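Q: Residue numbers for the sequence shown follow this note's numbering, beginning at 93 and rising by one. Quick reminder that beta carbons are idealized off the backbone N, C-alpha and C, glycines included. Bear in mind the structure is a predicted one, so any value in this text is a computation, not a measurement. Structure below; questions to follow.
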Amino acid sequence: MPFFPDSLNGFLDRGGPVLFIIMAAAFVMWALILERVFYFRLSHKDVVANALEKWDSRKDHTSKYAHWVKDKIVSEVRQEAQANVVLLKAVVALAPMLGLLGTVTGMVNVFDLMAITGSSDARAMSAGVSRATIPTMAGMVISISGLLFTMDLDRKVRREVAKVEDQMEIHEDA
């Protein structure tokens with residue numbers, strides 16, 4: 093077991109200070125993803141039930157005003173289902189940018205080393221090259237994994253909102 097923390101520390105050291113920021117972004121991203129997973133597993137059914145109850149409690153389901161109320165109720169369900177999704181998408185978009193920041197800082201280290209030593213010693217430059225490539229890789233991995241979940245989440249939100257609209261129309265016809 094002591095191997096893992098040492099290798100993690102080595103990875104973080106080779107990646108440079110930007111890698112810590114990328115890790116923080118990854119933590120925020122996964123916290124937001126888990127929050128949405130728990131919402132759909134635990135709370136979404138109650139939100140839908142309350143929306144349908146609100147719609148069913150109306151006597152009028154056919155007037156223009158009733159359709160506005162229906163749109164408002166559906167919009168509330170959509171808003172609840174999409175909570176934190178914009179922030180999640182921002183973190184997903186930010187991850188590769190942070191990786192590129194790591195690339196720039198790593199290359200600056202390489203050029204500084206070349207300017208100070210006056211040579212292009214490959215061994216001396218390897219730390220800077222690691223600082224240039226590791227954050228980019230980490231940012232891309234985080235972004236791709238987050239992108240997969242946000243695409244799935246968008247699909248789930250559209251499907252759930254469509255279900256609510258369908259259920260309201262069924263209740264409207266009954």
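Within its chain, find whatever has a CB closer than 7 angstroms to the CB of residue 230; leave out the 5 residues flanking it on each side and keep chain order.
A: Here the set comprises 107, 111, 114, 191.
Q: Could you tell me which whole alpha helix (DSSP H) segments of length 4 or greater appear in the region 182-264?
A: Whole alpha helix (DSSP H) segments, 4+ residues: zero.
Q: If you measure between the beta carbons of residue 272 and residue 201, is that distance less than 8 angstroms?
A: The requested residue 272 is not part of the displayed model; the chain covers only 93 to 266.
Q: Hey, which unbroken runs of the alpha helix (DSSP H) at 4 residues or more fall wholly within the region 104-164?
A: For the region 104-164, whole alpha helix (DSSP H) runs of length 4 or above, ordered along the chain, are 110-130, 136-148.
Q: Using only CA atoms, which one of 244, 186, 240 lies nearest to residue 228?
A: Of 244, 186, 240, the residue nearest in Cα terms is 186.
Q: Comparing the CB of residue 259 with every heavy atom of the ligand NAP, is any distance shorter than 7 angstroms?
A: You won't find the ligand NAP in this model; it holds no ligand whatsoever.
Q: Tell me which residues share the same chain as residue 259 and place their Cβ nearer than 7 angstroms to its Cβ, disregarding the 5 neighbours each side in the sequence.
A: Result list for residue 259: 144, in chain order.
Q: Out of curiosity, what's the CA-to-CA distance linking residue 142 and residue 233?
A: About 39 angstroms.
Q: Less than 8 angstroms between the CB atoms is what I'm expecting for residue 253 and residue 170, so what's the real figure, rounded?
A: At roughly 5 angstroms, the Cβ-Cβ gap stays under 8 angstroms, so residue 253 and residue 170 are in contact.
Q: On the criterion of 16 or more Cβ atoms from any shown chain inside 10 Å, does residue 93 qualify as buried, or is it exposed?
A: Residue confidence for residue 93 is low, a pLDDT of 48 falling below 50, so the modelled location carries little weight; the figure read from the coordinates is stated next. It is exposed - the Cβ of residue 93 has fewer than 16 other Cβ atoms within 10 Å.
Q: Could you round the C-beta distance between residue 239 and residue 128 to whole angstroms and report it? I think they count as a contact, below 8 angstroms.
A: About 14 angstroms; that fails the 8 angstroms criterion.
Q: Give me the residue from 208, 189, 197, 137 with the minimum Cα distance to residue 236.
A: Selected option, being the one with the closest Cα: 189.
Q: Is residue 120 closer than 8 angstroms to residue 184 when the C-beta atoms are compared?
A: In this structure, residue 120 does not lie closer than 8 angstroms to residue 184 by Cβ.
Q: Compare the Cα-Cα distances from residue 222 to each of 194, 208, 206, 213 and report the closest residue.
A: Checked all of 194, 208, 206, 213; the closest Cα to residue 222 is 194.
Q: Residue 161 to residue 140, Cα distance in whole Å?
A: Approximately 15 angstroms, taken between the alpha carbons.
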